[in-house]
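Each remark here refers to the structure printed beneath this line.
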């Protein structure tokens, strides 16, 4: 079992309150997943070919003691780029004035003990092991600002409780997915993608869907086309909530085994596994509430 | 948080006290005629397992399994209901003013479930004798393996309606996207028209019973057919 939450703000004036509005949503899904949680937040897009990478230095005090300034100096030196870093304990957002791919490759070859959680020009990504409330406090989720976000609370069923297996999953740039359910053919998808040079980090079923959809979009499909192909190839149970730099998207499998509910007002679109995570949103009593239909693509743009 | 008026008891469960509410409903309630539940906010298992002829008003949206296993009580949900509303109901009546999520009335043995809005997938799955009236549409695989009871759908039915039906009977006013294995349309008899009229009256809908079609089991799956080659 897992919980998903998503929030997209329609009015720019609300963007400084994105984290504050989301916080009860994420904590409200603790009953559906209390072993790990994660949050992808999309901010205003960086300009002038600057990009950012969300980095994670490992759990506990060892990770929190990581020498981020040392890493920054190495990146500046090794990649010969302008770079800056914003640190929250064992998490940091590294901003570079360079293409992301080259920095990722350099990090992989030269730095050990740091995972790249996401990369792009708008996405910041946090995930960790612990209860949603603890993780939200650890990374000050209540203070997050941005246009939209995608969050997840995990109750592990098919792989271990680790940061690697926590959601959201990312691939490419400014793309993330969270999953409630279980795919029965992730290995089949993986055998299709790996010969194309697509590398996997872990063994969670969700990563296969994440990389499949990202691959389709890199091949020129728009998100809707990619999801239509996904309906053909994904076997199993899924409610997927996805984020791109300007969109939230939501789909459910043909049996709609895993729950989802949407609340929409003039101010926001909020998505959660259950209404109890939406109950405390402002003016939710007057929101348009609906359950997304199976095999139907729902998407909302900022 | 509990408060009392002369004939009713009000539980505000904003503080998460569903268990206190249910313990009250399961105990000796004395002269209480009516229990009001404020701020349900999608909490699970509100008013499950009630075995008393009282009225319960849930003033908002309920989460999973609201009014499950109900006996004798009349439960009104002012908002939407989560998965499994009135599952395994034995008697009484449950009314949902908004929409109901998946598996509404699953395996209910008796009583009446009224959903004024739409119902999700698998409405009335494994129904065992209760009646369900849905004001709007029902989702895919509704009445799957339903054994007894009646389902009236005033709107449309999605894919595979009545798959592997036993003796339950379905009445649909709108479009049926597809019938499931072994389900078939059958002519409406006078008894069917009377049954639909009675259920619509009980549920408070004013449709013409003549506008409904009957779906029941063709009973071709009742016996093993070695020649079917697993194709149904």
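Chains as they are written, first to last, in the working numbering: chain A, 212 to 513; chain B, 1040 to 1271. All C-beta atoms in this analysis are idealised placements derived from N, C-alpha and C, irrespective of residue type, glycine included.
- In the three-state reduction of the DSSP assignment, residue 1124 of chain B falls in the coil class.
- Close CB contacts of residue 375 of chain A within its chain, under the 8 Å cut and outside five residues either way in sequence, are with 326, 412, 413 and 415 (chain order).
- By the C-beta criterion, the stretch 477-491 of chain A is judged not to be in contact with the stretch 1056-1064 of chain B, since fewer than 3 inter-stretch pairs fall below 8 Å.
- With a 10 Å radius around the Cβ and a threshold of 16 neighbouring Cβ atoms, residue 507 of chain A comes out exposed.
- Counting only Cβ-Cβ distances below 9 Å, residue 1138 of chain B has contacts in chain A at 500, 501 and 502, in chain order.
- When only Cα atoms are considered, residue 1092 of chain B and residue 1135 of chain B end up about 18 Å apart.
- Residue 382 of chain A has no beta-bridge partner at all, per DSSP.
- Annotated three-state conformation of residue 1263 of chain B is coil, per DSSP.
- Within 8 Å of the CB of residue 344 of chain A, no CB atom of chain B is found; the nearest one sits about 15 Å away.
- Interface annotation, residue 1107 of chain B: not in contact with chain A, CB-CB separation never under 8 Å.
- For residue 505 of chain A, a Cβ of chain B is located within less than 8 Å of the residue's own Cβ.
- Of the residues A:317, A:289, A:310 and A:282, the one whose Cα lies closest to the Cα of residue 301 of chain A is A:282.
- For residue 316 of chain A, the enclosing alpha helix (DSSP H) starts and ends at 311-321.
- Between the alpha carbons of residue 234 of chain A and residue 240 of chain A lies a gap of roughly 10 Å.
- Counting only Cβ-Cβ distances below 8 Å, residue 481 of chain A has no contacts in chain B at all, with the closest Cβ about 13 Å away.
- In the three-state scheme derived from DSSP, where H, G and I count as helix and E and B as strand, residue 1119 of chain B is classed as coil.
- The closest CA to that of residue 1203 of chain B, considering only B:1140, B:1068 and B:1260, is found on B:1260.
- Every alpha helix (DSSP H) of 4 residues or more that sits fully in the stretch 276-305 of chain A is shown, in chain order, as 279-290.
- When only Cα atoms are considered, residue 393 of chain A and residue 400 of chain A end up about 14 Å apart.
- A straight-line Cα-Cα distance of about 15 Å links residue 1102 of chain B and residue 1145 of chain B.
- One alpha carbon belongs to residue 363 of chain A, the other to residue 311 of chain A, and they sit about 25 Å apart.
- In this structure residue 1242 of chain B touches residue 1153 of chain B by the C-beta definition: roughly 4 Å separates them, less than 8 Å.
- For residue 231 of chain A, the enclosing alpha helix (DSSP H) starts and ends at 229-239.
- Under the DSSP assignment, residue 443 of chain A falls in the alpha helix (DSSP H) whose first and last residues are 434-444.
- Looking at the DSSP output, residue 455 of chain A shares a beta bridge with A:386 and A:458.
- For residue 511 of chain A, the beta-bridge partners assigned by DSSP are A:459.
- Interface with chain A (8 Å Cβ-Cβ cutoff): residue 1127 of chain B is excluded.
- The Cβ of residue 223 of chain A sits no closer than 8 Å to any Cβ of chain B.
- For chain B, the residues of the stretch 458-478 of chain A that bring a beta carbon within less than 9 Å of one of its beta carbons are 465, 466, 467, 468, 470 and 472, in chain order.
- Selection A:246, A:225, A:262 and A:278 evaluated against residue 370 of chain A yields A:246 as nearest (Cα-Cα).
- Not a single CB atom of chain A sits nearer than 8 Å to the CB of residue 1174 of chain B.
- According to the DSSP assignment, residue 399 of chain A belongs to the alpha helix (DSSP H) that extends over 397-404.
- Under a criterion of Cβ atoms nearer than 8 Å, no residue of chain A is adjacent to residue 1060 of chain B; the nearest Cβ is some 15 Å distant.
- Judged by their CB atoms, residue 378 of chain A and residue 359 of chain A are not nearer to each other than the 8 Å cut-off.
- Sequence-distant partners of residue 214 of chain A (beyond 5 residues in either direction) whose C-beta falls short of 6 Å from its own C-beta, in its chain, are 240, 243, 244, 364 and 484.
- Interface residue (Cβ-Cβ distance to chain B less than 8 Å): residue 490 of chain A is classified as such.
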